[in-house]
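Peer 1:
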Amino acid sequence: YSHFGGRPTWRTTSLTYRILGYTPDMAEADVDTAIRRAFKVWSDVTPLTFSRIYEGTADIQISFGAGVHGDFYPFDGPHGTLAHAFAPGNSIGGDAHFDEDETWTAGSAGYNLFLVAAHEFGHSLGLSHSGDRSALMYPTYSYIDPARFRLPQDDVDGIQALYGASPNPVPTTPQATTPTTTVSTTTTTTSSPINPSICDPTLVFDAITTLRGEILFFKDSSFWRRVPTIKEVYNYPISTSWPSLPSGIQAAYENPETDQIFLFKGSKYWALQGFDILPNYPKNIDKLGFPRTVKHINAAVYLQSTQKTYFFAGEQYWSYDEARKTMDKESPRRIEDDFPGIGKKVHAVFEDNGLLYFFSGHKQFEFNMKSKKVTRTLKNTSWLGC
Amino acid sequence: FPAVPATEDRGENEQLAEEYLKKFYNLNEDGTPITRKKHSPFSEKLQEMQAFFGLEVTGKLDSNTLEMMHKPRCGVADVAE
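Given below as structure tokens:
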């Protein structure tokens, strides 16, 4: 790691930030989330706290601009320079500017705002570029799934050399929190921390999918949302997030290439982008190539390595080629034959870090597609801090 | 400038490299005459950049160096002013 010349730092640990404007590339709520999480990367390992203000001048002013944008460092159009930030100090010091000519996203297409913002805020706090290729402060952008993001040790050492360590280190495993009563009626705030009932060992999930680095666990009329960067799990009624969706979602999967998730119930399925249901849905599953004998899907998962989606129904599975938009000719095949050890039926499945996690009844199996073997048997609720 | 293999877009690459080194490695273009030195300022800055990124330090604008220059990156200079 390295620090700026003269080692400029903030003299207070309570810093403020203000988002001066938004990029049209992303929903404002997604920008807010990306920025909040990017600050949390640093507050987790230092005594620093970051509070958002909506008026006046914050320590760290955040803006999007293209080309010449009010400092002496004009941006250069798409790609090239993505963003820059200034070392701690008065006036422009600490401010972070993002090139509006880039395509900003909450996913893997374009440039992930969370990843770039976390890097820029490192500058805002006094870190210069690191020569460690694995460091967040390495100057070139490379995508990593935000859900799997952990601040590399080089960056931890660099920032703690300036501000010291956090008095309350963040635990490395999710912690269950006390249940609270849900009272809000808005979509974005109607949630409650994890209810201990989710730790019931007999719980069987209806469906599970990833969503932009998070993991959603569906059960009856609600879903649990696991946000790895804040290490908490919250419960949301399906009806408040997606009023037009039914309860009892039976299968779900994410296609990160298109930044879409698909939810299935009965013979119908819906496509969503983030939390927005796309027009012209629901559609019938026969559009995907299923025979009429298939009445519903039990589970689905998209494999990035092959660009195929596996649909599990009864004791069989179908392989759908997302690139060609057709069902593979060899489908259906018996689950038992190609996924030995996971049982005859699948209730839910998702992919994480190249491994498949199958939920069958009360059991969860970690499955390696390359070796075609179950590598671990886990508790159904292992992802939820139980 | 150091010798580089002749390619069709050599001029464009050199221009890109020059802009890059000016922006991130303080390569000066202040009008002072280039004196006879072992390495040109361009080559020295190129070596600085190659060393920072762990590339082979040749002082020449090779394909790996160019590839690194084309990568999307943060606009803060690697060398403190």
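In order, the protein sequences belong to chains A and B.
Under this note's numbering, the first residue of the first sequence carries the number 1, and numbering increases by one thereafter.
Under this note's numbering, the first residue of the second sequence carries the number 1, and numbering increases by one thereafter.
Glycine included, every Cβ here is placed at the ideal spot set by N, Cα and C.
(1) Could you tell me the alpha carbon to alpha carbon distance between A135 (chain A) and A313 (chain A), rounded to whole angstroms?
(2) So which residues on chain A does K22 (chain B) lean against when the C-beta distance must stay under 7 Å?
(3) Going along the chain, which unbroken runs of the beta strand (DSSP E) with 3 or more residues stay wholly within the stretch 238-282 of chain A?
(4) Looking at chain B, which residues of the stretch 71-87 of chain A have a Cβ within less than 8 Å of any of its Cβ atoms?
(5) Using only the alpha-carbon positions, how far apart do F75 (chain A) and D259 (chain A) sit?
(6) Compare the C-beta of T190 (chain A) against all C-beta atoms of chain B and say whether one is closer than 8 Å.
(7) Quick check on Y54 (chain A): buried or exposed, where buried means 16 or more other Cβ atoms within 10 Å of its Cβ?
(8) My understanding is that Y1 (chain A) touches D157 (chain A), with C-beta atoms under 8 Å, so please give their C-beta distance in whole angstroms.
(9) Below 8 Å between beta carbons: does that hold for V204 (chain A) and L384 (chain A)?
(10) How big is the Cα-Cα spacing for G248 (chain A) and D328 (chain A)?
(11) Measure the alpha-carbon distance for D200 (chain A) versus A271 (chain A) and round it to whole angstroms.
(12) Leaving out five residues on either side along the sequence, give the residues of the same chain with a beta carbon under 6 Å from the beta carbon of T16 (chain A).
(13) Here's a check: name, in chain order, each residue in its chain whose Cβ is nearer than 7 Å to the Cβ of A118 (chain A), leaving out the five neighbours to either side.
(14) Determine the direct distance from the alpha carbon of V374 (chain A) to that of E19 (chain B), and round the result to whole angstroms.
(15) As a quick exercise: from A:P167, A:I261, A:N235 and A:D206, pick the residue whose alpha carbon is nearest that of G213 (chain A).
(16) Is the beta carbon of I66 (chain A) sitting closer than 8 Å to the one on E100 (chain A)?
(17) Mark Q175 (chain A) as exposed unless 16 or more other C-beta atoms lie within 10 angstroms of its C-beta, in which case mark it buried.
(18) Roughly how many whole angstroms lie between the Cα atoms of P47 (chain A) and G126 (chain A)?
(19) Just the chain A side, please: which residues come within less than 9 Å of F52 (chain B) by C-beta, in chain order?
(20) Which stretch, first to last residue, makes up the alpha helix (DSSP H) that contains T202 (chain A)?
(21) Based on the DSSP output, what are the partners of V233 (chain A) in its beta bridges?
(22) So for L136 (chain A), helix, strand or coil by DSSP?
(23) Once DSSP output is grouped into helix, strand and coil, what is the label at Q175 (chain A)?
(24) Hey, quick one: how far does the beta strand (DSSP E) through E44 (chain B) stretch, first residue to last?
Peer 2: Per the coordinate set shown:
(1) Locating residue 135 (chain A) in the first sequence gives position 135, where the first residue counts as 1. Locating residue 313 (chain A) in the first sequence gives position 313, where the first residue counts as 1. Each residue's Cα considered, the two are about 43 Å apart.
(2) The residue you call residue 22 (chain B) lines up with position 22 of the second sequence. Near K22 (chain B) there are no residues of chain A at all, since even the closest Cβ is about 12 Å away, more than 7 Å.
(3) 251-255, 260-265 and 268-273
(4) Y73, F75, H79, G80, T81, L82, A83, H84 and A85
(5) Indexing the first sequence from 1 puts residue 75 (chain A) at position 75. Indexing the first sequence from 1 puts residue 259 (chain A) at position 259. About 27 Å.
(6) Taking the first sequence and counting its residues from 1, one reaches residue 190 (chain A) at position 190. Residue placement at T190 (chain A) is poorly supported in this model, since its pLDDT is 38, which falls under 50; the coordinates still yield a value, given next. By this cut-off, T190 (chain A) is not an interface position.
(7) As a position in the first sequence, residue 54 (chain A) is number 54, starting the count at 1. Counting Cβ neighbours within 10 Å, Y54 (chain A) comes out exposed, since fewer than 16 surround it.
(8) Along the first sequence, one-based indexing puts residue 1 (chain A) at 1. Along the first sequence, one-based indexing puts residue 157 (chain A) at 157. So it is a contact: roughly 6 Å between Cβ atoms.
(9) Start at 1 with the first residue of the first sequence, and residue 204 (chain A) comes out as number 204. Start at 1 with the first residue of the first sequence, and residue 384 (chain A) comes out as number 384. No, these two residues do not count as a Cβ contact at 8 Å.
(10) Here residue 248 (chain A) refers to the residue found at position 248 when the first sequence is read from its first residue. Here residue 328 (chain A) refers to the residue found at position 328 when the first sequence is read from its first residue. Distance from the CA atom of G248 (chain A) to the CA atom of D328 (chain A), rounded to whole angstroms, is 28 Å.
(11) The residue you call residue 200 (chain A) lines up with position 200 of the first sequence. The residue you call residue 271 (chain A) lines up with position 271 of the first sequence. Cα to Cα, the separation comes out at about 30 Å.
(12) Here residue 16 (chain A) refers to the residue found at position 16 when the first sequence is read from its first residue. Shown here for T16 (chain A): same chain residues with a beta carbon closer than 6 Å to its own, the five before and five after excluded, namely S51, I53, A58 and D59 in chain order.
(13) In the first sequence, counting from the first residue as 1, residue 118 (chain A) sits at position 118. Counting only Cβ-Cβ distances below 7 Å, and skipping sequence neighbours, we find A38, V41 and L136.
(14) Looking up residue 19 (chain B) in the second sequence gives position 19. Looking up residue 374 (chain A) in the first sequence gives position 374. E19 (chain B) and V374 (chain A): Cα-Cα distance of roughly 53 Å.
(15) Here the question's residue 213 (chain A) lines up with position 213 in the first sequence. Measuring from the Cα of G213 (chain A), the nearest candidate turns out to be A:I261.
(16) Here the question's residue 66 (chain A) lines up with position 66 in the first sequence. Here the question's residue 100 (chain A) lines up with position 100 in the first sequence. The identity of residue 66 (chain A) in the sequence shown is Ala, whereas the question assumes Ile. Yes.
(17) For the purposes of this step, residue 175 (chain A) is identified with residue 175 of the first sequence, where counting begins at 1. Because the pLDDT at Q175 (chain A) is just 31, under 50, the model does not fix this residue reliably, and the point stays unresolved.
(18) Position 47 of the first sequence, counted from the first residue, corresponds to residue 47 (chain A). Position 126 of the first sequence, counted from the first residue, corresponds to residue 126 (chain A). Their Cα atoms are separated by approximately 15 Å.
(19) On the second sequence, residue 52 (chain B) is found 52 positions in, with the first residue counted as 1. Those within 9 Å of F52 (chain B) in chain A are H129, G131 and P139.
(20) Working through the first sequence from its first residue, we reach residue 202 (chain A) at position 202. Segment: none, T202 (chain A) is in no alpha helix (DSSP H) and carries neither H nor E.
(21) To locate residue 233 (chain A), count along the first sequence from 1; it is residue 233. Note: V233 (chain A) sits in a beta bridge opposite A:R226.
(22) Indexing the first sequence from 1 puts residue 136 (chain A) at position 136. Residue state, collapsed to three classes: coil.
(23) By one-based count along the first sequence, residue 175 (chain A) stands at place 175. Summary for Q175 (chain A): the model assigns pLDDT 31, below 50, so the residue's position carries little reliability, and this model does not support an answer.
(24) On the second sequence, position 44 is the one that residue 44 (chain B) refers to. First-last for E44 (chain B): P41 to F52, but that is the alpha helix (DSSP H), not the beta strand (DSSP E).
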